[in-house]
Amino acid sequence: MRWLGQIDRGFAAPLCFFLIAVFFVIALLFRNPQEPHYRDSFGSGKTAEWHAYGGSWDSYGGAIRNNSDERGAKLITGSSQWSNYTVEADVLLLGQNGDAGLIVRSSDEEEGVDAYSGYYVGLRDRNNTMVIGRADHGWMEYQAVPVKDSIHPFHWYHLKVIAVGCEIAASALDPESQQETAVAMVENDCARKGRIGLRSYSSGGLWKNVRANPAVSADLAAIVERTQVADSPERLQTEQGFNSLLPYSGKAVGPTDSSSNGPAMNIHTPPLGSLRFVSDIQASPVTVRGSVVLTAPVLYIEDSSGGV
Numbered sequence: 008m009r010w011l012g013q014i015d016r017g018f019a020a021p022l023c024f025f026l027i028a029v030f031f032v033i034a035l036l037f038r039n040p041q042e043p044h045y046r047d048s049f050g051s052g053k054t055a056e057w058h059a060y061g062g063s064w065d066s067y068g069g070a071i072r073n074n075s076d077e078r079g080a081k082l083i084t085g086s087s088q089w090s091n092y093t094v095e096a097d098v099l100l101l102g103q104n105g106d107a108g109l110i111v112r113s114s115d116e117e118e119g120v121d122a123y124s125g126y127y128v129g130l131r132d133r134n135n136t137m138v139i140g141r142a143d144h145g146w147m148e149y150q151a152v153p154v155k156d157s158i159h160p161f162h163w164y165h166l167k168v169i170a171v172g173c174e175i176a177a178s179a180l181d182p183e184s185q186q187e188t189a190v191a192m193v194e195n196d197c198a199r200k201g202r203i204g205l206r207s208y209s210s211g212g213l214w215k216n217v218r219a220n221p222a223v224s225a226d227l228a229a230i231v232e233r234t235q236v237a238d239s240p241e242r243l244q245t246e247q248g249f250n251s252l253l254p255y256s257g258k259a260v261g262p263t264d265s266s267s268n269g270p271a272m273n274i275h276t277p278p279l280g281s282l283r284f285v286s287d288i289q290a291s292p293v294t295v296r297g298s299v300v301l302t303a304p305v306l307y308i309e310d311s312s313g314g315v
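Residue numbers (the numbering used here): 8 to 315.
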């Protein structure tokens with residue numbers, strides 16, 4: 008009967024692997040659809056699950072890049088049933104006088120500046136603040152917290168946003184200086200479910216290491232304890248209108264600061280608004296960066312400083 012025991016032992020290992028495989032299949036089938044488990048595949052150039060609303064998006068060195076200065080371009084993925092979750096990513100701005108960040112609980116998306124319903128957290132280098140607010144085809148900015156060491160274009164930041172119940176909290180970490188900034192808001196009549204997204208305004212951007220996972224109150228509390236929670240918006244209007252109130256820096260776009268740790272881009276692209284002072288007598292070539300908003304009867308390009 009010894010040979011029966013050998014047969015039993017021979018079947019034991021395959022049986023264990025089979026049972027483990029069945030367990031994982033069952034877990035996947037019955038996984039809560041409100042809980043996200045997502046990691047991007049930008050490193051392999053796969054972006055099929057993302058849907059663009061404006062912008063010019065492509066894979067770039069293991070990241071996804073929006074190479075447009077369009078106002079409010081966004082890239083959306085995920086499920087409309089995702090509820091309490093954390094989304095985080097490494098974010099880099101490709102220009103001055105704009106912002107880039109993450110969207111949570113997004114729905115009803117269209118092309119346009121604030122053409123979606125959800126929450127946005129971004130880094131705004133025009134006035135060196137981290138912002139959080141609600142978009143519902145309009146913009147309600149709840150908080151704009153100064154970033155101590157300023158916000159530099161062509162520099163990576165790690166951005167994390169947590170949504171639990173009607174509270175949204177976020178942190179931004181500069182991996183070089185280890186300086187961290189936090190924002191938080193609460194809304195009574197909140198959006199409780201929605202997709203995740205990448206968004207930029209008047210600046211291109213790069214995003215990498217995008218991931219989303221379930222979150223609980225303890226995750227939220229770790230950020231909330233470091234900042235004040237805003238419970239009402241500063242003003243209701245479009246983000247374009249809000250940005251028009253900010254002082255324009257007039258700086259040329261390019262990696263001019265020594266803290267830059269992003270991709271090298273050595274092309275000098277002056278703000279379009281400054282071209283109004285260029286002499287008409289002596290023509291000279293210039294490289295510009297902006298959004299093409301009209302092609303006929305003349306070509307018209309604009310950025311946050313103006314248009315030509």
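The C-beta atom is built at its ideal place from N, Cα and C for all residues, glycine as well. Note that this is a predicted model, so its numbers are computed, not measured.
Compute the Euclidean distance between the alpha carbons of residue i and residue j, then round it to the nearest angstrom.
i	j	result
Gly125	Ser184	31 Å
Tyr92	Glu232	18 Å
Gln186	Asp156	8 Å
Leu306	Val299	7 Å
Gly257	Thr136	Only weak support is given to the placement of Gly257: the predicted model assigns it a pLDDT of 48, under 50, and the question is left unresolved by the model.
Ser239	Glu309	33 Å
Ala122	Asp143	7 Å
Leu130	Asp115	24 Å
Asp181	Glu148	23 Å
Ser266	Trp163	Any reading at Ser266 must be qualified, since the residue scores a pLDDT of 41, below 50, and its modelled position is unreliable; the value itself is stated next. Whole-angstrom Cα-Cα distance: 10 Å.
Gly102	Arg72	12 Å
Val154	Ser209	19 Å
Glu241	Asp132	19 Å
Ser161	Ala107	Note that residue 161 is Phe in the sequence shown, not Ser. Computed Cα separation, rounded: 12 Å.
Gly84	Ser51	A small fix is needed here, since residue 84 is Thr in this sequence, not Gly. Cα to Cα, Thr84 sits roughly 17 Å from Ser51.
Gly204	Ala229	23 Å
Ser113	Trp89	10 Å
Asn104	Lys200	31 Å
Ala179	Ser207	16 Å
Arg202	Ala222	15 Å
Arg141	Cys197	9 Å
Gln41	Ser87	8 Å
Trp64	Gln150	29 Å
Ala237	Asp47	31 Å
Val168	Trp146	18 Å
Asn74	Thr188	26 Å
Across which residues does DSSP place residue i in a beta bridge pair?
i	result
Asp143	Ser124
Pro153	Thr136
His58	Ile83
Asn73	Trp64, Gly212
Pro221	Tyr92
Asp106	Arg131, Tyr208
Ile203	Thr84
Glu42	Answer is none; Glu42 lacks a bridge partner.
Arg112	None; Arg112 has no bridge partner.
Are the beta-carbon atoms of residue i and residue j separated by less than 8 Å?
i	j	result
Val120	Gly79	yes
Asn220	His44	yes
Val128	Leu166	yes
Tyr60	Glu117	yes
Ala70	Leu213	yes
Leu99	Ala176	no
Going by DSSP, what residue range makes up the beta strand (DSSP E) through residue i?
i	result
Leu166	164 to 171
Glu95	92 to 100
Gly50	Premise fails: Gly50 is in no beta strand (DSSP E) and is neither H nor E.
Thr188	187 to 193
Glu6	Residue 6 lies beyond the stretch modelled for the chain, which goes from 8 to 315, so this question has no answer here.
So residue i and residue j are in contact, right, with Cβ under 8 Å, and what is the actual spacing, rounded?
i	j	result
Val171	Ser224	6 Å
Asp97	Asn216	5 Å
Just to confirm the assignment, what range does the alpha helix (DSSP H) spanning residue i have?
i	result
Asp226	224 to 231
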